[in-house]
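Note sheet for the following structure.
There are 2 protein chains.
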Amino acid sequence: MTDQPSTERRRRKGLDSPTLSDVAREAGVSSITVSRALNAPDSVRANTRKKIEAAIDKVGYVRNMVAGSLASASSRFIPVIVPSLSNVVFVEVIQGLQATFEQHGYQILLGNTDYSMKREEELIRTFLGWSPTALVTTGLRHQESLSNLLARYQRPLVEIMELGDAIDMNVGMSHYRAGHCMADHLVSRGYRRILYAGTQMEGNYRTRQRYEGHRERLLQSGLDAPLMEWRTPSHFDLGATALDAALHEYPNIEAIHFTDDVMASGALLHATKRGLKIPEDIAIAGFTGLPFGQALTPRLTTVVSPREAIGRLAATQIITRLEGQQPQQHSIDVGFELIVGESS
Amino acid sequence: MTDQPSTERRRRKGLDSPTLSDVAREAGVSSITVSRALNAPDSVRANTRKKIEAAIDKVGYVRNMVAGSLASASSRFIPVIVPSLSNVVFVEVIQGLQATFEQHGYQILLGNTDYSMKREEELIRTFLGWSPTALVTTGLRHQESLSNLLARYQRPLVEIMELGDAIDMNVGMSHYRAGHCMADHLVSRGYRRILYAGTQMEGNYRTRQRYEGHRERLLQSGLDAPLMEWRTPSHFDLGATALDAALHEYPNIEAIHFTDDVMASGALLHATKRGLKIPEDIAIAGFTGLPFGQALTPRLTTVVSPREAIGRLAATQIITRLEGQQPQQHSIDVGFELIVGESS
DNA sequence: CGATTAAATGTTAGCGCTAACATTTTGTAG
DNA sequence: CTACAAAATGTTAGCGCTAACATTTAATCG
Numbered sequence: 001m002t003d004q005p006s007t008e009r010r011r012r013k014g015l016d017s018p019t020l021s022d023v024a025r026e027a028g029v030s031s032i033t034v035s036r037a038l039n040a041p042d043s044v045r046a047n048t049r050k051k052i053e054a055a056i057d058k059v060g061y062v063r064n065m066v067a068g069s070l071a072s073a074s075s076r077f078i079p080v081i082v083p084s085l086s087n088v089v090f091v092e093v094i095q096g097l098q099a100t101f102e103q104h105g106y107q108i109l110l111g112n113t114d115y116s117m118k119r120e121e122e123l124i125r126t127f128l129g130w131s132p133t134a135l136v137t138t139g140l141r142h143q144e145s146l147s148n149l150l151a152r153y154q155r156p157l158v159e160i161m162e163l164g165d166a167i168d169m170n171v172g173m174s175h176y177r178a179g180h181c182m183a184d185h186l187v188s189r190g191y192r193r194i195l196y197a198g199t200q201m202e203g204n205y206r207t208r209q210r211y212e213g214h215r216e217r218l219l220q221s222g223l224d225a226p227l228m229e230w231r232t233p234s235h236f237d238l239g240a241t242a243l244d245a246a247l248h249e250y251p252n253i254e255a256i257h258f259t260d261d262v263m264a265s266g267a268l269l270h271a272t273k274r275g276l277k278i279p280e281d282i283a284i285a286g287f288t289g290l291p292f293g294q295a296l297t298p299r300l301t302t303v304v305s306p307r308e309a310i311g312r313l314a315a316t317q318i319i320t321r322l323e324g325q326q327p328q329q330h331s332i333d334v335g336f337e338l339i340v341g342e343s344s
Numbered sequence: 345m346t347d348q349p350s351t352e353r354r355r356r357k358g359l360d361s362p363t364l365s366d367v368a369r370e371a372g373v374s375s376i377t378v379s380r381a382l383n384a385p386d387s388v389r390a391n392t393r394k395k396i397e398a399a400i401d402k403v404g405y406v407r408n409m410v411a412g413s414l415a416s417a418s419s420r421f422i423p424v425i426v427p428s429l430s431n432v433v434f435v436e437v438i439q440g441l442q443a444t445f446e447q448h449g450y451q452i453l454l455g456n457t458d459y460s461m462k463r464e465e466e467l468i469r470t471f472l473g474w475s476p477t478a479l480v481t482t483g484l485r486h487q488e489s490l491s492n493l494l495a496r497y498q499r500p501l502v503e504i505m506e507l508g509d510a511i512d513m514n515v516g517m518s519h520y521r522a523g524h525c526m527a528d529h530l531v532s533r534g535y536r537r538i539l540y541a542g543t544q545m546e547g548n549y550r551t552r553q554r555y556e557g558h559r560e561r562l563l564q565s566g567l568d569a570p571l572m573e574w575r576t577p578s579h580f581d582l583g584a585t586a587l588d589a590a591l592h593e594y595p596n597i598e599a600i601h602f603t604d605d606v607m608a609s610g611a612l613l614h615a616t617k618r619g620l621k622i623p624e625d626i627a628i629a630g631f632t633g634l635p636f637g638q639a640l641t642p643r644l645t646t647v648v649s650p651r652e653a654i655g656r657l658a659a660t661q662i663i664t665r666l667e668g669q670q671p672q673q674h675s676i677d678v679g680f681e682l683i684v685g686e687s688s
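Structure (C-alpha cells):
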C-alpha cells in the first residue's frame, strides 16, 4: 500500500547529467526561457540571462544538441562531400568551408567518396538522416537517383569545383577553359608536339574536361592532341614513370601538359636527374599551383585556382540563404590564373 | 459538433517525410520491429526483414539519426580533434581513422584547434553535446579544466601522436627519441656543428620534444646544440629563408636538422640553387618522410612515422572497446624509421 | 504431444529539447 | 493613471526513435 509500483515501472538509463529543466529550476525560470537564452540571447532580459548563466555554471550543464535538433528538425550540420583527401585541393577547400561555417556555428560532416558516385549517393542519404541545414558536394555529375533526390531537397545546396547547370547553387571554375588556357600558352610558346598526360580521368572527370579544352586549342592550330593515361592515383614517382613512358612512346615530344602538379613535379625532377634540359629538351606544365612546384628550379608552369576561396564562397552562399536573403548570383566563377614558370 | 478543435490544437511542422511507424504500418509490424531490423537485422526473422525492406523502399523512408541518438543517448559520432589541416600528417591520420570508423558505421566530427588548447577545450565541450560514442584528440597536454573533464569521461578516449601518460588510451611515437635518433645519425656521420631549426615550437610542442632529444644526443658528444626558431607556419619559402639566416648566423654550420620536411626541402632546393653542395657544404635533414622529400635529388634524410596507421590503430582501439573487449595494450608505440637519403 | 525454453515481436513510456500558442509583464502614449 | 501594444516569459505537446519490460510464437525435448 505504501508503494506505487505502476508509477515506477520503467526507468530509462537517463544520463545523470543535468538538463535544461535543472538549469531552469536553479534559475527560477521555465525551461523554454533557458532554451531562448541559449538560442536567441537577445530575446531574454539581461537580468534573466545572467541568472541563467549562473545556473548553467552551477549545475555544470552541457547542452544536448541531439535533443535540440530533434525538436527543431534541424541540426546545424552541413555535410561536405569530397572525392578525396589525398589531394590537397580538397583539403584546402574544406578549410575554407570550415573557417566560415565555424563562425556561424555550423559543423561540417565530412564525406569522402573516393571518386565513386555510388558512394556519394550513399553518403548523402546517410547524412540526410541528420537533418542537415544545408549540403555541399563536389561536381555537377551525380547518379541519376541522387540528382532526383537533390532536386527535391528543400535547403541550400552548393555544388563546388566546376561550373555549369547546378541544381541550386554553384561555386567553381571552368576546367575546360583552364585546359584550353594552358594549351594556348604552350602553343604560343612555339611547342608543336604536345602530350597531355595524367591519371584517373574516369572518376575525376574534371581532368578530362581540361583535356577537352587542351585538345580543342591544339586542333585549332592543326596539331595532334595525344593523350596518355594511368589508372593509379597521382604521385611523384608516377610523374617520373610517366615521363619515361612518354619519351618512349613519343620520342619527339616537345612538351607535356600534366593533369596535376604532383605528377608534373615528379616528371620535372626526374627529367633533371636524367640530364634533360627543361624547357629546351622538354617543357613541362601542371595544374593546381601547389607550393612545391613553385619551389623547384625551374619553377613549374601551372594553372592555379583559389581553392580556399571556393570553400569560403560556397559557405557564404549558404549562410546568405540561411539568413533569408538571396545571394547575388547562384553561380560563382572563381576563375583561375596561369602561372608561367621556367619549365615551359 | 463535427470537429474536435481541442484535439487539433497544436501542430508541429512535422517534416512530411515518412517515419518508422509509416514503415511499420506498411509492413504490418510494430515500429520497434522495424527499428530492430535496422539496428540488429539478425534479431528479426528473415521473412519479416524482407517485408520491412520492401516497405522501406515503398514509402521512401529515410532514417532519422537524430531521433535515434536521442532515444539511445548515443550518436555514432566520434569527434577527432587535430591541431591543423595544413599539415599533411594530420590529414593522413584522419584518413586512417575514417577508413576504419566507416566500416563500423561511425562518423567523424572534425575539429581543428589551430594549435590552441583553449580551442581544443571549446571544441570538445561542444562535441560532447552530440553524445559521441568515443573521442580522439591530439597530444597528451590539455588545459587543466579539459583534463579534468576528460578524466571523468566514461567512453573510449584516444590521445594520438605522442607517447606517455594517457588519460585512457594512446597511440603515437616518442618525439624525443625521434629527435635523438636523427641527431645520432648526424653525429655518427661526422658532423659536429649541427643546428636545429624550425617553426611554431610553442604550440606544436612535439617539435620541441624532438629538439630535446636532439640536444641530449649532441651534449653526449660534447657538442653545442644551437636552435633557430620562426613563428610563422612551415612553408617551402620559409625553408629557403631559414637556410640563408642560418648560414648568416652560423657561417661554419655543417648540418641543419629541420623540424619538418617542408622546410628541409625548401632549404635543400634553395641550397642547390645557391650553388651549395649537399651534403659536402651543408647537410640537411627533416622530419615526417613526405613524398616530395624523397623525390628530390639528393633525397632528403628524414624520419618517417606510419601516419595512416596511427589513425587506423587509434580507431581499432576504440572499436575493440566498443565491442566490449579490452585492447591488448592501452598505449601503442607505432615507432618511426630513419630514412637516410643523400642529403646527409 | 504437452511442457519448457528460446526466439521473435509487441506495448509503453520517455530521451531533452523546441514550436506553437497563451499569458503575464513592461513600456508608452494620451 | 488607464489603455494598449510590445516584449518577456510560461504552458503544453510533441519531434521520431529506442530501452525496458511484456507477450506471443516457434523450437526443443522427454
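For the protein sequence lines, the chains are A and B, in the order given. Each residue of the first sequence is one higher than the last, beginning at 1 in the working numbering. Each residue of the second sequence is one higher than the last, beginning at 345 in the working numbering. Backbone N, C-alpha and C fix where the C-beta goes; we use that ideal spot for every residue, glycine too. Since the model is a prediction, treat every value here as computed from it, not as a measurement.
9 Å Cβ cutoff met for residue i and residue j
i: Val-304 of chain A; j: Glu-280 of chain A; result: no
i: Gln-638 of chain B; j: Ile-683 of chain B; result: yes
i: Leu-149 of chain A; j: Ile-124 of chain A; result: yes
i: Phe-602 of chain B; j: Ala-611 of chain B; result: yes
i: Gln-98 of chain A; j: Asn-456 of chain B; result: yes
i: Gly-508 of chain B; j: Leu-530 of chain B; result: no
i: Gln-317 of chain A; j: Val-171 of chain A; result: yes
i: Ile-78 of chain A; j: Phe-101 of chain A; result: yes
i: Ala-310 of chain B; j: Ser-675 of chain B; result: Residue 310 of chain B cannot be examined here, being either before or after the span of chain B that is shown, 345 to 688.
i: Ser-361 of chain B; j: Val-406 of chain B; result: yes
i: Gly-655 of chain B; j: Val-437 of chain B; result: yes
i: Ser-174 of chain A; j: Trp-130 of chain A; result: no
i: Ala-225 of chain A; j: Tyr-205 of chain A; result: no
i: Asp-260 of chain A; j: Thr-301 of chain A; result: no
i: Ala-54 of chain A; j: Ala-24 of chain A; result: no
i: Ala-373 of chain A; j: Ile-284 of chain A; result: With chain A covering 1 to 344 only, the question about residue 373 of chain A has no answer from this structure.
Interface partners of residue i on chain A, CB under 8 Å
i: Gln-673 of chain B; result: Neighbours of Gln-673 of chain B on chain A: none; closest Cβ ~29 Å, over 8 Å.
i: Val-406 of chain B; result: Arg-125, Leu-128, Gly-129
i: Pro-577 of chain B; result: In chain order: nothing, as chain A lies at least about 12 Å away.
i: Phe-636 of chain B; result: Phe-236, Ser-265, Phe-292
Contacts that residue i makes with chain A (C-beta to C-beta distance below 7 Å)
i: Asn-548 of chain B; result: The contacting residues do not exist; Asn-548 of chain B stays about 17 Å from chain A at best.
i: Phe-631 of chain B; result: Result: empty, since nearest Cβ-Cβ is about 17 Å, beyond 7 Å.
i: Ile-452 of chain B; result: Leu-110
Residue i: contacting residues in chain B (beta-carbon distance under 7 Å)
i: Pro-18 of chain A; result: Within 7 Å Cβ-Cβ: nothing; Pro-18 of chain A doesn't reach chain B, min ~13 Å.
i: Asn-112 of chain A; result: Gln-442
i: Val-91 of chain A; result: Leu-429, Val-435
Interface partners of residue i on chain B, CB under 9 Å
i: Gln-325 of chain A; result: Per Cβ cutoff of 9 Å: no residues; Gln-325 of chain A is ~22 Å from chain B at best.
i: Pro-306 of chain A; result: None at all; the shortest Cβ gap to chain B is about 16 Å.
i: Phe-101 of chain A; result: The premise fails here: Phe-101 of chain A is roughly 11 Å from chain B at the closest Cβ pair, so nothing lies under 9 Å.
Residues that residue i bridges to, as DSSP identifies them
i: Met-513 of chain B; result: B:Val-502
i: Ser-331 of chain A; result: A:Asn-170
i: Ile-78 of chain A; result: A:Ile-108
i: Thr-641 of chain B; result: Its beta-bridge partners do not exist; DSSP assigns none.
i: Leu-682 of chain B; result: B:Val-647
Where residue i meets chain B, residues with beta-carbon distance less than 8 Å
i: Thr-297 of chain A; result: Leu-613, Thr-616, Lys-617
Contacts of residue i in chain A (Cβ-Cβ under 9 Å)
i: Ile-438 of chain B; result: Leu-85, Leu-110
Practice item. Jot down the residue ranges of each uninterrupted beta strand (DSSP E) in the region 362–388 of chain B, minimum 3 residues, whole runs only, in chain order. Key: none
Practice item. Please specify which runs of the alpha helix (DSSP H), each continuous and at least 4 residues long, are wholly inside the region 183–231 of chain A, giving them in chain order. Key: 205–220
Review point. Name the residues in the region 257–272 of chain A whose C-beta lies less than 9 Å from a C-beta of chain B; which are they?
Key: Val-262, Ser-265, Gly-266, Leu-269, His-270, Thr-272
Exercise for review: Taking a Cβ distance cut-off of 9 Å, strictly less, list which residues of the region 126–145 of chain A are near chain B, in chain order.
Suggested key: Thr-126, Phe-127, Leu-128, Gly-129, Trp-130, Ser-131
Review point. Which runs of the alpha helix (DSSP H) fall wholly inside the region 251–293 of chain A and span at least 4 residues, in chain order?
Key: 261–273
Practice item. Output the residue ranges of the beta strand (DSSP E) runs that lie fully inside the region 429–504 of chain B and measure 3 residues or longer, sorted by chain position. Key: 451–456, 479–482
Point to revise | Contact residues within the region 408–424 of chain B, judged by C-beta distance below 8 Å to chain A | key: Asn-408, Met-409, Val-410, Ala-411, Ser-413, Leu-414, Ala-417, Ser-419
**Study point:** chain B contacts made by the region 216–246 of chain A, where a contact means CB separation under 9 Å
**Key:** His-235, Phe-236, Asp-237, Gly-239, Ala-240
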